[in-house]
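These notes are about the structure you will find just below.
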Amino acid sequence: MPRILVVADEPWVRNETHAALTDPGMELIDHSDPATAAATAAEHDVDLVIADLQVGSMGGMAIVRSMKAHASADRGDAIPVVLLLDRSADEFLAKRAGADGWLTKPFTSHQLREAFSGLIATPDLP
Numbered sequence: 099m100p101r102i103l104v105v106a107d108e109p110w111v112r113n114e115t116h117a118a119l120t121d122p123g124m125e126l127i128d129h130s131d132p133a134t135a136a137a138t139a140a141e142h143d144v145d146l147v148i149a150d151l152q153v154g155s156m157g158g159m160a161i162v163r164s165m166k167a168h169a170s171a172d173r174g175d176a177i178p179v180v181l182l183l184d185r186s187a188d189e190f191l192a193k194r195a196g197a198d199g200w201l202t203k204p205f206t207s208h209q210l211r212e213a214f215s216g217l218i219a220t221p222d223l224p
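Under our numbering, the sequence shown has 152 at position 54, and the numbering climbs by one with no breaks.
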């Protein structure tokens with residue numbers, strides 16, 4: 099069962115993410131503090147992180163760097179990160195940070211699923 103960490107401090111972002119991904123076979127973990135996101139990801143052995151670019155004082159770029167620096171003990175590789183952007187012009191920032199995927203807000207359920215479809219194994223989603 100894929101375990102996904104959602105790092106966002108805006109309730110609507112968390113709500114939309116949950117609405118898009120609340121399906122059998124997926125576990126979502128909410129987190130609003132980017133400073134401790136890497137520790138939470140390791141503690142819960144997550145498969146994917148979805149983070150808002152504008153979360154907290156550190157921001158999503160710091161989360162990407164942190165995840166890339168802390169490889170999963172079981173997999174031996176970095177946890178993939180999808181950044182949620184405020185505008186499409188921020189794609190440059192996402193690429194520069196090393197994000198594995200990105201999506202401009204607002205987004206649909208289908209767009210969110212497509213943003214990470216090749217990054218982790220997921221159950222068949224409608």
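Where a beta carbon is used, it is the ideal one built from N, C-alpha and C, also for glycine.
Own chain partners of residue i with C-beta closer than 7 Å, once the 5 adjacent residues on each side are dropped
i, result
"aspartate 128", "Val104, Arg112"
"valine 179", "Val147, Ala149, Ile161, Val162, Met165, Ala197, Asp198"
"aspartate 131", "Gly154"
Three-state secondary structure assigned by DSSP to residue i
i, result
"threonine 202", "strand"
"leucine 210", "helix"
"leucine 217", "coil"
Selected residue, minimal CA-CA separation from residue i, among the options
i, options, result
"aspartate 107", "Phe190, Ala192, Gln152", "Gln152"
"serine 164", "Ala137, His142, Asp143", "Ala137"
"histidine 142", "Ile177, Lys193, Leu210, Leu191", "Ile177"
With 16 other Cβ atoms within 10 Å as the buried cut-off, status of residue i
i, result
"proline 204", "exposed"
"glutamate 125", "exposed"
"tryptophan 200", "buried"
Proximity test, Cβ basis, 8 Å: residue i and chain C
i, result
"threonine 120", "No chain C is present in this structure, which holds just one protein chain."
Beta-carbon contacts of residue i that lie in its chain and below 6 Å, excluding the five residues immediately before and after
i, result
"serine 207", "Ala118"
Close-in-space but distant-in-sequence residues of the same chain around residue i (CB under 8 Å, 5 per side omitted)
i, result
"methionine 156", "Pro132, Ala133"
Contained alpha helix (DSSP H) runs [length at least 4] in the segment 121-191, N- to C-terminal order: 135-142, 158-167
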